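Here is the structure we will look at, set down as structure tokens.
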């Protein structure tokens with residue numbers, strides 16, 4: 391994996407609403423592999439903080455979610471098309 395890919399996986403792993411399934415779909419890493427990557431790439435205290443945050447969080451697992459759509463969109467948010475705000 392490139393450094394850019396590793397940074398993106400770390401970013402996705404920190405996001406509360408991004409499930410491990412999305413990381414697997416995009417990068418081919420299982421939950422265990424993401425945990426191992428986080429352990430090797432983060433400082434010890436950061437890893438412990440992330441691990442504590444992720445454990446028991448239903449939004450990180452698609453099967454445990456109590457909602458169908460994983461993305462929130464504010465009613466006042468404008469749509470984006472072709473990289474231009476419309």
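Numbering (the working numbering), first residue to last: 391 to 476. We put the beta carbon where it would ideally sit given N, CA and C, even for glycine. Since this is a predicted model, take the numbers as computed values, not measurements.
As the crow flies, the alpha-carbon of residue 439 is around 15 Å from that of residue 426. For a cut-off of 8 Å, the C-beta gap from residue 428 to residue 412 is around 15 Å, too long to register as a contact.
Put simply, of 431, 437, 409, 406 the residue whose alpha carbon is nearest the alpha carbon of residue 391 is 431.
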